[in-house]
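Residue numbers (the working numbering), protein chains in the order written: chain X, 152 to 464; chain P, 2 to 677.
For every residue, glycine included, the Cβ atom is placed at its ideal position computed from N, Cα and C.
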Amino acid sequence: MIERLIENVAQLILLLALAPLVTGVIRTLKARFQTRRGPGIFQPYRDLRKHFGKSMVIPETASWIFTATPWVVFFSTVIAGLMIPMVAADAPLGLFGGALAVIFLLGLGRFFLALGGLDSGSSFGGLGSSREMTISALAEPAMMLAIFTVAIGAGSTGLTEIAGAAIGQTWRFLAPAQMLAFAALALVLIAETGRIPVDNPATHLELTMIHEAMILEYSGPYLALIEWAASIKQLVLMTLLINCFWPIGLQPAWFGFGALKGIAWLLPKLFLLVCAIVLLETVNAKMRLFRVPELLAVAFTLGALALVSTFLF
Amino acid sequence: MIPDLFLSGIVVWMGGAAGSLALYRRPAAARRVACGSALAGSLLDLSGSAAAIFAGAPIAIALPFGNPVFAWAIRLDPLSAYFSLTLAVLAAAVSLYSFGYLRHMEGHRNLGAFGFFFNFLLLSLALVFTASNAFFFLVAWEVMALSAYCLVSFEHEKEEARKAGVLFLVMSHAGTGMLLIAFLLLASFGGTLDFSGFHLLASHMSPRQQGVVFVLFLLGFGVKAGIVPIHIWLPEAHPVAPSNVSALMSGIVIKTGIYGMARVFFDFYGTPPLWMGTLVLGLGVASALLGVLYALMEQDLKRMLAWSTIENAGIIVMGFGAALMFRALGQGNLAALALIAALYHTFNHATFKGLLFLGAGAVVEATHTRNIEKMGGLIRRMPVTALCFLIGAAAISGLPPVNGFVSEWLTYQALLAGFGTTQSLTRLMFPIAGSLLALTAALAAACFVKAFAIPFLALPRSVEAAEASESPFTMRAGMAILALGCIALGIGATFFVSIFDPITQQTLGVRASAQLVMARGLALSPGTAHGGTISTAGIALLFLLAALAFALPLGLRWKRRSVRGPAWDCGLPGLTADNEYTATAFSKPLRMIFSALYRPRREIQAEYEVSPFYPSAIRFESEIEPTFEKRIYGPLREQIMAIAHRMRGIQAGSINVYLTYIFITLILVLLFAVRG
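Given below as structure tokens:
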């Protein structure tokens with residue numbers, strides 16, 4: 152019981168501390184790829200501190216939904232983050248939910264974010280909410296197929312079991328089903344975290360923005376909460392992707408020297424994925440909104456192929 | 002004791018029907034008698050059915066009249082008692098709500114007649130769920146259909162209500178016809194009309210007869226449950242009824258179809274052939290997906306909810322389909338899991354859809370429109386209704402920790418486990434169905450963001466919405482009961498699942514709840530080895546702790562640092578309701594993405610005086626094609642009309658000719674009887 156509590160607190164601290172760093176590394180690397188200097192990898196921490204210290208403006212038209220939204224988004228993302236195997240295969244909050252709970256908790260955050268976007272009455276918020284709900288709805292079946300594929304291997308939707316089953320088989324990621332499911336989930340990750348080519352996190356151009364449009368009216372501490380939650384969500388999905396498909400270095404349990412080893416393995420793996428995302432963002436242009444369904448259809452097809460290939464190979 | 006409770010509930014409903022009819026000249030008294038007896042009857046029924054589930058043995062009540070063919074036989078076995086319990090919970094909340102809701106009808110509507118049909122609907126529903134004689138069942142079924150018809154077209158001065166009522170009646174009777182044939186086939190095979198005699202009977206028939214009876218039952222009950230493609234009456238009939246009736250229609254009347262399916266699939270049939278489950282699963286997926294896709298396009302709040310009923314019926318039927326398949330594959334435990342998922346969702350849907358329709362009723366009452374484009378900002382004028390509606394919207398979108406999430410999670414688990422049960426290609430159906438369920442759930446979330454945000458948030462879009470006022474206490478209380486039900490059924494999932502033990506024991510011979518509950522009642526698991534776990538109570542507790550520890554103190558501190566200011570309006574002077582995103586605009590991306598299904602049509606006409614770039618007025622019209630009505634039912638109706646036209650020749654209108662017809666028929670029947 153006490154051990155569980157310590158694990159949870161440790162993973163909580165890791166999540167909260169690491170998430171802005173991942174965002175910072177992505178931004179800086181991307182700047183370097185574009186031959187800019189970039190703001191430095193610690194800029195997101197400074198941004199958060201700055202936002203938390205500011206006063207804020209709440210739209211006159213907004214109701215209590217507007218102020219409840221950042222909290223719901225933040226808490227649901229963090230709880231989802233405690234359910235994933237980060238350092239050890241044994242997810243600290245694994246008893247409270249597995250892969251499906253993570254998806255639905257992130258869905259809860261998204262639901263409220265969309266409400267918060269519509270609550271201000273400005274058309275930008277509505278525009279963002281509409282697009283976010285559309286894209287996430289289309290991403291869902293692909294995500295579920297990919298999760299079904301990995302869950303079938305482990306015979307469970309529990310992430311502890313999925314990661315645990317993967318630990319023993321270092322080279323399993325070479326299986327066609329695994330690779331196809333990985334590709335499907337990677338495309339979903341891009342759509343869910345609002346990265347190019349689906350959404351551009353750095354833009355405030357009204358015709359193209361999705362996530363930024365929803366949170367346009369937020370300022371000060373609430374903006375900080377939402378941005379922080381967005382970084383955590385990104386970290387959660389990235390960790391999920393690497394630890395379910397490529398669990399090398401993942402420890403069976405949390406305690407002792409193993410935890411440090413687990414963290415030591417997690418960081419380079421995350422860095423590799425960050426590099427891949429940055430590369431993808433640099434060489435691609437943002438898609439038109441109505442081309443995104445095609446991308447997600449590709450993800451769905453990959454997921455379906457992954458399933459069929461567990462059947463064949 | 003239990004028979005007494007149940008029968009006195011029936012008697013109270015009968016008394017309420019008669020009493021309110023007698024008092025029709027005094028509307029206030031009629032309203033109180035109608036709602037009071039409906040509430041009292043529901044509470045009696047509630048205690049009776051709750052006790053019956055755990056009674057151990059089925060409780061048979063034979064009324065001391067009737068004859069062997071038409072026996073007034075009532076049997077409260079666990080399955081019947083469960084549906085009866087669902088009815089009682091919803092009916093109690095709706096009756097309470099009706100005290101306040103019916104007040105606006107006083108003076109210009111016949112509340113006596115309303116009370117009569119309302120109580121009769123509840124009574125017939127209770128009998129449909131508990132009748133154990135085929136003829137008695139069909140009579141209760143017909144009484145239910147007729148009283149529902151009278152309530153649907155209660156506002157009969159509106160043409161849409163009359164038309165919807167007739168469509169409902171026609172389709173309902175087509176369904177009843179099929180049920181009659183199916184029951185007669187079954188009865189002639191088994192030589193009994195009693196349901197206890199039908200137990201496992203259908204499986205002893207020849208495969209061909211089995212198939213025919215199965216399809217007849219599926220169609221007959223499917224009409225009532227609103228399964229695609231025999232759903233078209235549902236989005237017409239449910240919205241036009243008064244909202245308390247809509248809540249009953251969507252919450253429990255469609256569940257009679259679900260109950261019928263459960264009774265036939267898991268009681269009358271033993272181990273079914275695999276194709277039956279595959280068919281049912283496929284129909285469920287189609288209903289769920291098409292239901293939510295059409296719900297997304299609605300701007301009429303109550304029609305949207307009606308379409309979403311089709312979606313949820315689809316999810317329930319998916320559970321049945323999976324359970325049938327598992328039974329065919331010899332997986333008793335998994336069949337129990339799928340059946341529990343379906344039945345759990347049945348109860349959940351009754352609570353959250355009932356709640357949403359009651360909320361819609363309060364909103365429609367306050368704004369005098371069903372069009373959400375004319376609402377807005379109601380969260381300030383109607384805070385309690387808004388909060389209840391939000392809980393219902395979260396539940397129906399399957400968001401943790403409220404109840405829709407639990408039953409959807411169980412459904413996913415059943416589908417996931419299905420993959421390992423067979424080596425044939427059939428197993429691919431399970432994950433495909435699961436991923437389409439994920440699409441359905443995500444689209445439902447989009448739909449209910451729209452259903453909550455457009456009416457309740459931002460600025461009011463009409464004068465009525467700006468001047469709306471909160472509903473009376475009894476209406477709020479009715480909604481609050483169901484909202485609390487949604488939360489309790491979500492958080493208390495591990496306690497609730499034990500209610501299914503008698504049902505799965507009765508139908509499948511398996512008691513599953515002990516395997517489903519883990520960690521001393523904290524977590525729920527699918528019952529398979531190493532299956533994933535879920536703890537709605539734990540998640541809720543974490544949210545509560547986090548809110549108390551961080552959100553409350555920090556939120557209060559930050560509030561002191563915040564100022565209220567106008568939302569960004571692009572530099573134009575002042576943000577008005579015209580700047581808001583509309584419901585039509587919200588669903589526009591999905592309308593474009595699924596345009597192959599919707600075939601949307603739009604027309605924009607700009608009026609201008611000087612130049613087309615400075616329009617003085619713009620007329621915008623947009624609609625989607627009602628595919629089923631146009632492609633299937635349109636041609637069908639024309640065929641029927643053409644046949645009817647041709648048959649008009651023999652209807653000369655002369656009594657002598659008709660007497661001749663009767664005589665000829667009599668002779669033919671006699672000949673048939675003699676030959677037989």
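Asked	Found
Leaving aside the five residues before and after L233 (chain X) along the sequence, list all residues of the same chain whose C-beta is less than 7 Å from its C-beta, in chain order.	N159, Q162, L163, P243, L244
For Y295 (chain P) and chain X, any beta-carbon pair shorter than 8 Å?	no
Work out the CA separation of I377 (chain X) and L269 (chain X) for me, nearest whole Å.	16 Å
Among P:S38, P:F551, P:P456, P:Y345, which one has its Cα closest to the Cα of L388 (chain P)?	P:P456
Strictly under 8 Å for the Cβ-Cβ distance: is M532 (chain P) near chain X by that measure?	At residue 532 (chain P) the sequence reads Gly, which differs from the Met that was named. True, the Cβ-Cβ gap to chain X drops below 8 Å.
Considering just the uninterrupted stretch of the beta strand (DSSP E) at I61 (chain P), what are its terminal residues?	Strictly speaking, residue 61 (chain P) in this sequence is Ala, with Ile absent from that position. Unbroken beta strand (DSSP E) run through A61 (chain P): 60-67.
From G333 (chain P) to M326 (chain P), what distance separates their C-alpha atoms?	10 Å
Which partner residues does G566 (chain P) have in the DSSP bridge list?	X:P210
Using a C-beta to C-beta distance shorter than 9 Å, which residues of chain X count as neighbours of N580 (chain P)?	G272, S273, S274
Given 8 Å as the limit, is there contact between the segment 366-381 of chain X and the segment 404-420 of chain X, that is, 3 or more CB pairs closer than that?	no
For chain P, check one thing: does any of its Cβ atoms lie closer than 8 Å to the Cβ of R483 (chain X)?	Residue 483 (chain X) is absent from the structure shown; chain X starts at 152 and stops at 464.
What does DSSP give as the partner residue(s) for M519 (chain P) in the beta ladder?	P:A524
State whether the segment 281-294 of chain P contacts the segment 309-318 of chain P, with contact taken as three or more CB pairs (one from each stretch) at a distance under 8 Å.	yes
Taking 8 Å as the threshold (C-beta atoms), are I209 (chain X) and R462 (chain P) in contact?	no
Just to confirm before moving on: does the CB-CB distance between G533 (chain P) and L517 (chain P) stay below 8 Å?	no
Scan the segment 394-460 of chain X and note each continuous alpha helix (DSSP H) run of 4 residues or more that stays entirely inside, going in chain order.	408-434
Give a yes or no on whether the C-beta atoms belonging to L24 (chain P) and V13 (chain P) are separated by under 8 Å.	no
Where L456 (chain X) and L545 (chain P) are concerned, what is the direct C-alpha to C-alpha distance, given to the nearest angstrom?	42 Å
Alpha carbons only, please: which of X:F275, X:F184, X:I414 is nearest the one belonging to A168 (chain X)?	X:I414
Starting from the beta carbon of S206 (chain X), find every residue of chain P whose beta carbon is closer than 8 Å, and list them in chain order.	R562, S563, V564
Just by C-beta distance, which residues in the segment 368-394 of chain X are closer than 8 Å to chain P?	E368, G371, P372, Y373
Using the three-state DSSP reduction, which class does D350 (chain X) fall into: helix, strand or coil?	coil
Could you check how far apart the C-beta atoms of E211 (chain X) and P567 (chain P) are, in whole angstroms? I think they sit under 8 Å.	6 Å
Around the C-beta of S588 (chain P), are 16 or more other C-beta atoms found within 10 angstroms, so that it is buried, or is it exposed?	buried
Could you list which residues in chain X have their beta carbon closer than 8 Å to that of L437 (chain P), in chain order?	P292
Using the beta-carbon of each residue, which ones in chain P are nearer than 7 Å to F226 (chain X)?	F544, A547
Using a Cβ cut-off of 8 Å (strictly closer), state whether F247 (chain X) contacts chain P.	yes
Indicate whether R163 (chain P) and P236 (chain P) have their beta-carbon atoms separated by less than 8 Å.	no
M295 (chain X) versus chain P: which residues are under 7 Å apart at the beta carbon?	G435, S436, A439
In whole angstroms, what is the alpha-carbon distance linking P274 (chain P) and P432 (chain P)?	21 Å
Find the nearest neighbour of A538 (chain P) within the set P:G37, P:M519, P:L555, judged by alpha-carbon distance.	P:M519
What residue does the alpha helix (DSSP H) around I488 (chain P) start on, and which one ends it?	474-492
On the CB-based measure, 16 or more other CB atoms within 10 Å of its CB, does P292 (chain X) come out buried or exposed?	buried
Classify A618 (chain P) as buried or exposed, calling it buried when 16 or more other Cβ atoms lie within 10 Å of its own Cβ.	exposed
Quick check on the DSSP output: the beta strand (DSSP E) that includes Q162 (chain X) runs from which residue to which?	Per DSSP, Q162 (chain X) belongs to no beta strand (DSSP E); it is in the alpha helix (DSSP H), 153-184.
Measuring only the C-alpha atoms, how far is I380 (chain P) from S271 (chain X)?	13 Å
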